[in-house]
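A.B. asks: Protein sequence lines correspond, in order, to chains U and W.
Take any residue in the first sequence, count from 1 to its spot, add 344: that is its number in my numbering.
Take any residue in the second sequence, count from 1 to its spot, add 344: that is its number in my numbering.
Just so you know, even glycine gets a beta-carbon here, dropped at the ideal spot from N, CA and C.
Below you'll find the structure I mean.
There are 2 protein chains.
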Amino acid sequence: MTAELLVEKRAGEQSIVLEKRAVLLAPSTVAGPKESRGPLAGSFDRCYDDLVLKEKSFERAECHMLEEVCYLAIGKAGLVPNQIDYYLGGDLLNQIISASFCARKLAIPFFGLYGACSTLAESLCLAGMMIEGGFARNILVAVSSHNCSAERQYRYPTEYGFQRPGYAQWTITGAGAAVIGVSGDGPRLESLTPGKVVDADIKDPYDMGSAMAPAAADTIYTHLNDLQRDPSYYDLIITGDLGGVGKKLNEAILERNGVRIAANYTDCGLLIYYPQQQVDAGASGCACSALGFFGYYYPLMLKKEIRRILLVATGALHSPTTFLQGESIPAIAHAVSLEI
Amino acid sequence: MTAELLVEKRAGEQSIVLEKRAVLLAPSTVAGPKESRGPLAGSFDRCYDDLVLKEKSFERAECHMLEEVCYLAIGKAGLVPNQIDYYLGGDLLNQIISASFCARKLAIPFFGLYGACSTLAESLCLAGMMIEGGFARNILVAVSSHNCSAERQYRYPTEYGFQRPGYAQWTITGAGAAVIGVSGDGPRLESLTPGKVVDADIKDPYDMGSAMAPAAADTIYTHLNDLQRDPSYYDLIITGDLGGVGKKLNEAILERNGVRIAANYTDCGLLIYYPQQQVDAGASGCACSALGFFGYYYPLMLKKEIRRILLVATGALHSPTTFLQGESIPAIAHAVSLEI
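The following block contains the structure:
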């Protein structure tokens, strides 16, 4: 808990206010078996009872989930794939293979993004600008993660079993998609703060919370400062997947810089599983902010129980290669403000 | 040479015309030792005489190149990093580590992209929209590739040596960056055609040309069709890195669909090396379109010797994991029209 806020004042503002209507529509979620036994189970559109979905590999299973959730979102929006102008998204796997293969099937012009677990917010930032700028009428944003495909790529072959430290997080098996459109019943994207890469010199590939918290704090601080807002402007500030360790650290960094968010702040990494599900510090993965926000909070916005949310998805840009070369783990966080 | 054009008519147009001035400024290039002995050597801003640049690994060397070229471009544009609003880019490595680490150093708000060797055009498409939409005044776009870091990740440990088939391409060691601004002396981004993922069922990880050509053909056909243009509208159509095999296949696919581009068509993969440099079918890598276009053709545009270029960077979304799982190699191509 020593990382200071790494904000460096920039010449221009980092945030963008959207004045027209870029509306978040048709949020859809699918979830794996462990997630489907958690507290949000009733919030997901589809729950799978196994990890491989009758596919030949975890990677194919992840792609399967992502395709399903994309078709769900497109259908909920009352559209067919060739009415979607562009598809923005990514996932955790090398060469973002889940997204690339999904885009092959959908045949929608595709912008592949890599922001690790921040990818949902990265997609929303770019989609918001594209809609606001008049370059598209319907944009699909979609992300996925799969515990087994991610863990074996980033850390350890999942078949071997291993000791997890208490600050480790559990990569979610699931996927989320939505359509950003020009009108409709849903919260609008009100402002965006694309994040900078921040490095807190964390070198432990299990300690994602500590790696990402300084990036989250940087983006939240910058957002509030750019727009001259108090945290209380928002009914809720939601980070993507900081988990128990990162959430506390994020609060602490911001507090040391005069910003108190604890009163209206939550983290999706703490929403997905029950404590007895043994996920240590909480959930992580691209799907974490998608399952939490699309699955749980979006319906509360439609009911007007929550009117203003700042969604801050966080990504640890962890690489097994540079980790072995002694490098630390940089992180990034992008923020999107939604209002209804 | 059997792949048909995979265009499926879409409900909306795929292309976007930019009406204001998004200007491509300060293009900068750095190149490795082999590239610095090729025909374009005199076109690069900086040439390195070794592959590791006094760094401890090929990956660090790639990041070093990318950082240098970013500072070069920002300096040429008469700016300092904190006057750049956003940085868009990526590279070929898992978790786009070169770009992520470069963004950490630059501390510019960052959108990480993954489009394999199409990443330069993907960056230009998004930057063009962000400038046109009024969301930024200066955007840095930058890409890199390194023969040794890429080959050992995608194909084979470079230290071992291996037999290359005649249709293999040579991943470029180099990097390119530019600033997209709102005014200045340079060609403007006139229109964009973001591409779809196209899969020609190629399963040979050395045959990138055949994998990417159908994607290039799809994007070029769509671009010309959307804007009702003849290939002769352009002084030059330039693909990114199809090489000798892919260039012929691209021409053949388009010709079978009534579009003849051969008269004013070239590929950057054929510009970088001399035949005696033994690169088989030509050059490839994210830096290929950057070295070819920024290094060689951009100065010709400034001299008004060439006024209209369609730049089509192509990317093979090849994954060693899905290759071993029996999957084919999807590809994508994004097009940007530049005029002066």
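Give me the chain W residues within the contact set of U:Val541, using Cβ-Cβ distance strictly less than 7 Å, ordered along the chain.
C.D. replies: The answer, in chain order, is Ser444, Ala447, Arg448 and Phe454.
A.B. asks: Is the shortest distance between the beta-carbon of U:Pro501 and the beta-carbons of chain W less than 8 Å?
C.D. replies: It does not: the Cβ of U:Pro501 has no partner Cβ on chain W nearer than 8 Å.
A.B. asks: Check this for me: beta carbons of U:Cys612 and U:Gly584, under 8 Å apart or not?
C.D. replies: Yes, these two residues count as a Cβ contact at 8 Å.
A.B. asks: As an exercise, report each continuous beta strand (DSSP E) stretch of at least 3 residues that is fully enclosed by the segment 562-649 of chain W, in chain order.
C.D. replies: Counting whole runs of 3 or more residues, the segment 562-649 of chain W contains the beta strand (DSSP E) stretches 580-583 and 609-611.
A.B. asks: I think W:Val395 touches W:Cys492, with their Cβ atoms under 8 Å apart; what is that distance to the nearest whole Å?
C.D. replies: Val is not the amino acid found at residue 395 of chain W; the sequence shown has Leu there. That pair is a contact at about 6 Å.
A.B. asks: How big is the Cα-Cα spacing for U:Tyr609 and U:Ile582?
C.D. replies: Each residue's alpha carbon lies about 6 Å from the other.
A.B. asks: Between the Cα of U:Ala686 and the Cα atoms of U:Ala557, U:Leu536 and U:Ser489, which residue gives the shortest distance?
C.D. replies: This structure gives no information on residue 686 of chain U, because the portion of chain U shown stretches from 345 to 684.
A.B. asks: Look at the alpha carbon of U:Ile524 and the alpha carbon of U:Ile483, and state the distance between them as a whole number of angstroms.
C.D. replies: U:Ile524 and U:Ile483: Cα-Cα distance of roughly 5 Å.
A.B. asks: Tell me which residues of the segment 543-562 of chain U have at least one Cβ-Cβ distance to chain W shorter than 7 Å, keeping chain order.
C.D. replies: The segment 543-562 of chain U vs chain W, Cβ under 7 Å: Asp543.
A.B. asks: Of the choices U:Lys648, U:Phe479, U:Pro501 and U:Glu595, whose alpha-carbon is the least far from that of U:Phe402?
C.D. replies: Checked all of U:Lys648, U:Phe479, U:Pro501 and U:Glu595; the closest Cα to U:Phe402 is U:Pro501.
A.B. asks: Provide the residue span of the alpha helix (DSSP H) that contains U:Arg404, from first to last.
C.D. replies: Segment Phe402 to Lys420, the alpha helix (DSSP H) holding U:Arg404.
A.B. asks: Pick helix, strand or coil for W:Ser663, following the three-state DSSP scheme.
C.D. replies: Looking at W:Ser663 - three-state DSSP - the assignment turns out to be coil, as it is neither helix nor strand.
A.B. asks: Excluding sequence positions up to five away, which residues of its chain have a Cβ less than 6 Å from the Cβ of U:Pro674?
C.D. replies: Closer than 6 Å at Cβ, skipping near neighbours: Val541, Asp543 and Leu661.
A.B. asks: If I measure Cβ to Cβ from W:Thr346 and keep anything under 6 Å in the same chain, skipping five residues before and after, which residues do I get?
C.D. replies: At W:Thr346 the pLDDT is 41, less than 50, meaning the model places this residue with poor confidence; the figure from the coordinates comes in the next sentence. The answer is none, since no qualifying residue turns up.
A.B. asks: Using CA atoms only, rank isn't needed, just tell me which of W:Gly478, W:Arg390 and W:Val487 is closest to W:Tyr431.
C.D. replies: Nearest C-alpha to W:Tyr431: W:Val487.
A.B. asks: Does any residue of chain W bring its CB to less than 8 Å from the CB of U:Glu363?
C.D. replies: Judged by the 8 Å Cβ criterion, U:Glu363 is not in contact with chain W.
A.B. asks: Does DSSP classify U:Thr346 as helix, strand or coil?
C.D. replies: Because the pLDDT at U:Thr346 is just 41, under 50, the model does not fix this residue reliably, and the point stays unresolved.
A.B. asks: Looking at chain U, which residues of the segment 392-418 of chain W have a Cβ within less than 8 Å of any of its Cβ atoms?
C.D. replies: Result list: Lys400, Ser401, Glu403 and Arg404.
A.B. asks: Going along chain U in order, which residues have a C-beta closer than 7 Å to the C-beta of W:Glu495?
C.D. replies: What W:Glu495 touches in chain U: nothing, since even the nearest Cβ is about 14 Å away.
A.B. asks: Since W:Asn491 is in the alpha helix (DSSP H), which residue starts that stretch and which ends it?
C.D. replies: Segment Asn491 to Tyr498, the alpha helix (DSSP H) holding W:Asn491.
A.B. asks: Would you call the CB atoms of U:Leu685 and U:Leu384 closer than 8 Å?
C.D. replies: Any answer about residue 685 of chain U is impossible in this case: the structure gives chain U only from 345 up to 684.
A.B. asks: Measuring CA to CA, which of U:Leu464, U:Glu599, U:Phe454 and U:Leu536 is closest to W:Gly539?
C.D. replies: Checked all of U:Leu464, U:Glu599, U:Phe454 and U:Leu536; the closest Cα to W:Gly539 is U:Phe454.
A.B. asks: With a Cβ-Cβ cutoff of 8 Å, do W:Ala559 and W:Ala677 count as a contact?
C.D. replies: The answer is yes: Cβ separation under 8 Å.
A.B. asks: Are the C-beta of U:Gly477 and some C-beta of chain W separated by less than 8 Å?
C.D. replies: It does; some Cβ of chain W falls within 8 Å.
A.B. asks: Distance, Cα to Cα, U:Val397 vs W:Glu495?
C.D. replies: In the sequence under discussion, the amino acid at residue 397 of chain U is Leu, which differs from the Val named in the question. Spanning the two alpha carbons is a distance of roughly 33 Å.
A.B. asks: Report the rounded CA-to-CA distance for W:Gly434 versus W:Ile597, giving the unit in angstroms.
C.D. replies: So the two alpha carbons sit approximately 29 Å from each other.
A.B. asks: Flag W:Ser663 as yes if its beta-carbon sits less than 8 Å from any beta-carbon of chain U, otherwise no.
C.D. replies: With 8 Å as the cut-off, W:Ser663 counts as an interface residue toward chain U.
A.B. asks: Below 7 Å on C-beta distance, what does W:Asn438 contact in chain U?
C.D. replies: In chain order: Asn438, Ser663 and Thr665.
A.B. asks: Could you tell me which uninterrupted alpha helix (DSSP H) segments, each at least 4 residues in length, are contained entirely in the segment 458-486 of chain U, listed from first to last along the chain?
C.D. replies: The segment 458-486 of chain U contains these whole alpha helix (DSSP H) runs: 463-476.
A.B. asks: Taking the alpha-carbon positions, what's the W:Asp687 to W:Gly626 distance?
C.D. replies: Look at the range of chain W in this structure, 345 to 684, and you will see that residue 687 of chain W is not part of it.
A.B. asks: Using beta-carbon positions only, say whether W:Ser444 and W:Thr515 come within less than 8 Å of one another.
C.D. replies: No. Outside cutoff.
A.B. asks: Just to confirm, are W:Phe638 and W:Pro371 a CB contact at a threshold of 8 Å?
C.D. replies: The answer is yes: Cβ separation under 8 Å.
A.B. asks: Report yes or no: is there a C-beta of chain W within less than 8 Å of the C-beta of U:Ala451?
C.D. replies: Yes - at least one Cβ of chain W is within 8 Å of the one on U:Ala451.
A.B. asks: Between W:Gly434 and chain U, is the shortest Cβ-Cβ distance under 8 Å, so that the two count as touching?
C.D. replies: So, interface residue.
A.B. asks: So, with DSSP's three-state summary, where would you put U:Phe388?
C.D. replies: Three-state DSSP puts U:Phe388 in coil, outside helix and strand.
A.B. asks: U:Tyr565 CB to nearest chain W CB: under 8 Å?
C.D. replies: Taking Cβ atoms only, chain W never reaches closer than 8 Å to U:Tyr565, which makes this a no.
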